Amino acid sequence: MQGEKNNGFDVLYHNMKHGQISSKELTDFIRERSTIEEAYARSMTKLAKSAGNFSQLGTFAPVWDVFKTSTEKLASCHMELVRKLQELIKEVQKYVDEQAKAHKKTKEEVASTLEAVQNIQTISQALQKSKEIYNAKTVEQERLRKEGATQRDVDKAGVKAKKATETYKSYVEKYATAKSDFEQKMAETAQKFQDIEESHILHMKEIIQAYAQSVDETHIQIGEVHNEFVRNIENTSVESLIQKLAESKGTGKERPGKPPPSYIIKSVCVVCEYCLYNSFYSSSDSEDEEEPRKFHVQIKPVQPNNGTHQNRATIDELKASIGNIILSPCICTCLYFFPVHVPVGTFYTKHVFLHVVPVPNRPTTPLTAGTLVPPPRPSSRPKLPAGKLTGINEIARPFSPPKMSASPPPTAPLARAESSSSLSSNASLSAANTPTVGTSRGPSPVTLASQDALPIAVAFTESVNAYFKGADPTKCIVKITGDMTLSFPMGIIKVFTTNPSPAVLSFKLKNTSRLEQILPNQQLLYSDPSQSDSDSKDFWFNMQALTSYLRKASDQNPSASYYNVDILKYQVLSDGIHSTPLNLAVYWKCTSSTTDLRLDYRYNPDSMNCPGPLTNVQILASVDGGVTSMQSLPNAIWNAEQNKCLWKLSDISEKSENEGAESLRAKFELSNGPSNPSTLAVQFMNEGTTLSGVDMELQGTGYRLSLNKKRFATGMQYACCSL
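All residue numbers for the sequence shown refer to UniProt numbering, where the first residue is 1 and numbers rise by one.
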């Protein structure tokens, strides 16, 4: 309030406006930091991919997995910071908008103070001018009197001096009144400006603290990733690298010479019906051998008082009967079944039967780095030459499975197809901590090997996107996509890893004539492009790649009970509105004071392979125009902040009233109409069936299907608008 020109108000007001500029500049700063972090994260992701593409030859090759995993985690840390900064930018932008509204309101509130400032400035100028005139007239009168001017001139000057005196006195009184009003209003306004500035500075400090916390959390995460990298490198010993090289590139465990016969051994404990499979192959490539001989050897329990001589004879007899065979240690928990080591010199066993079957030798083909060579197909199908795998070039959500050298990231279990409300699907190998699928039907991990057929589970998850325009069915746009996921129990990994050549897992995808596109996981699956059956398609696994994937998943999460693999994606042939489970038509009637909304819906069982109820049905509509009240049938929930109404409906099926054909109605009273017709969003789901009817059937032996789960739900967009 101090100073001759009373400019304090102007200084405080512009200082308030500068606060808004500071807020915008802080937004720009955080946005630029976010851009830098995102660019860095993308560069780190690119670097991780480069590490994954480095040579997989040599003893050092496994170390690149450590580099790749660590670099991916670093990229993830920086992307997480980007996400936090983006959220912070939204908060700052919201504050900027609120700040602008507050400043506008403050400007209106201090308008009277501005008038007082302008008034005192005007009066001050007039007072100063009248003072100058008063002094001039008084001096002039006195000069005439001293110089002996005529009385008439002196009197005339006296009149002018008196008038100037009265004018000056009047402005002095006006200034006193204006000054009092100015000081009162300016004191109130100055306090208001101070409150605004204090609040602004506190809010800016909170934003900076949130920014600093996000950066600090990222630095902590980066430090943890680095420490993990150091530990992994320290734990990667020279011996382990050489051992991995020996396991992956080893040419055999026997010295060169006459190749021993090949055997498949089935060891059975008669106390617990526990089975252990193992198989060994010789290096012989002869294919003209006689029909394999079959042996049945019964090993009797060792008696305590039989003496060393009888034990030695038993070992010698076993050597002579079955040759150089090594049976892996038993993983059975039965106390009556002990490991058998033949012919290393020890023999401890009780109640054990060995079933030894020689099998023909198979020629082996070494795998080069980065190359997937198709294994022999089941005998019922012709062999395919190795080469580029066929597939489609594009689909709604591209499938890009991780490379064999990459550690599979842990994601949700197969149960996501049962309980998850999110319809997105990550195309990756996944591991679960809880056996939520197959636990009641599939065998436990401990007794998995006791079954001749290994259990697997399958889930089909489909997503339907549709856009309805008015009530014209020809204008309905529909797109349906699906995912197929297989789930493997933990125990199957040991079966795969202890068997150099496990049974090939193959299956037939049925009802493929209803599919427009199929995108298999080409890292794991093979198929025959020459198949003539248009309604089915045969696939079989690269067992070496599958075993590698599952082993890496187990190493990353050894406590998991099940491991999921996304094996293919597909797009379903659409027949417009006939392919949608719920047909929609919306009608709007908008006036300046009211808006009437009606949505007609009809359950369409013909769209489903096996009609089932639509659950969790929700319909959301946005209504602008300043809604003051709403009436709806059935009752809907109105959100005044978002200007949206929400219907939550019970299950819709053929058993519903009118066989699932109903209408939603709502009337809105407006204060600022008319409304603009908006697009209605709809969501629902179904458990137990699919829209495509696609299914799978296992081929060959060695595996059984313990669970076949099917579901579909609305995708990112299932909406309806008026024409």
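Think of the CB as a built atom: it goes at the ideal place given N, C-alpha and C, for glycine as much as any other residue. Only a predicted model underlies this, so the values are computations on that prediction, with no experimental measurement involved.
- Each residue's CA atom was taken as its position, placing residue 84 and residue 69 some 23 Å apart.
- In this structure, the CA atom of residue 168 is about 56 Å from the CA atom of residue 208.
- Beta-bridge analysis with DSSP links residue 711 to 461 and 687.
- Taking a C-beta distance under 8 Å as the contact criterion, residue 509 and residue 536 qualify as a contact pair.
- The beta-bridge partner set that DSSP reports for residue 664 consists of 599.
- Between residue 681 and residue 719, the gap from beta carbon to beta carbon is short of 8 Å.
- Annotated three-state conformation of residue 695 is strand, per DSSP.
- Taking the CA atoms as reference points, residue 654 sits about 33 Å from residue 698.
- Under a 10 Å Cβ-count criterion, residue 716 is classified as exposed, with fewer than 16 other Cβ atoms of the shown protein chains found around its own Cβ.
- Here residue 573 is exposed: its Cβ has fewer than 16 other Cβ atoms, across all protein chains shown, within 10 Å.
- Pairing residue 241 with residue 559, the inter-Cα distance amounts to about 24 Å.
- With distances taken between CA atoms, residue 78 lies nearest to 223 out of 223, 144 and 102.
- When only Cα atoms are considered, residue 236 and residue 247 end up about 16 Å apart.
- Look at residue 9 here: in three-state DSSP terms it is helix.
- Within the same chain, 550, 551 and 554 come within 7 Å of residue 493 by CB-CB distance, once the 5 residues on both sides are set aside.
- In this chain, the alpha helix (DSSP H) harbouring residue 117 covers 111-146.
- Nearest C-alpha to residue 201 among 471, 23, 706 and 152: 23.
- Annotation for residue 495: the continuous alpha helix (DSSP H) segment containing it runs 491-498.
- The segment 484-501 makes no contact with the segment 600-612; the number of CB pairs closer than 8 Å stays below 3.
- For residue 526, DSSP records a beta bridge to 540.
- Secondary structure at residue 56: coil, using DSSP grouped into helix, strand and coil.
- For the pair residue 678 and residue 625, the CB atoms are not nearer than the 8 Å cut-off.
- CA-CA distance, residue 27 to residue 37, rounds to 15 Å.
- At least 8 Å separates the beta-carbon of residue 615 from that of residue 696.
- Secondary structure of residue 153 (DSSP, three-state): helix.
- DSSP places residue 176 in the helix class (H, G or I) of the three-state scheme.
- In the three-state DSSP reduction, residue 722 falls in the coil class, being neither helix nor strand.
- Linking residue 21 to residue 92 through their CA atoms gives a straight-line distance of about 12 Å.
- Taking a cut-off of 8 Å on C-beta distances, the segment 101-115 touches the segment 170-188, as three or more cross pairs fall below it.
- Considering only 511, 506 and 594, the residue with the shortest C-alpha distance to residue 538 is 506.
- Residue 621 carries a strand assignment under DSSP once its states are collapsed to helix, strand and coil.
- According to the DSSP secondary-structure assignment, residue 520 is paired through a beta bridge with 568.
- Residue 46 sits exposed, since fewer than 16 C-beta atoms from the chains shown fall within 10 Å of its C-beta.
- Spanning the alpha carbons of residue 595 and residue 469 requires a straight line of approximately 19 Å.
- Rounded to whole angstroms, the gap between the alpha carbons of residue 16 and residue 192 is 10 Å.
- Judged by DSSP in its simplified three-state form, residue 628 adopts strand.
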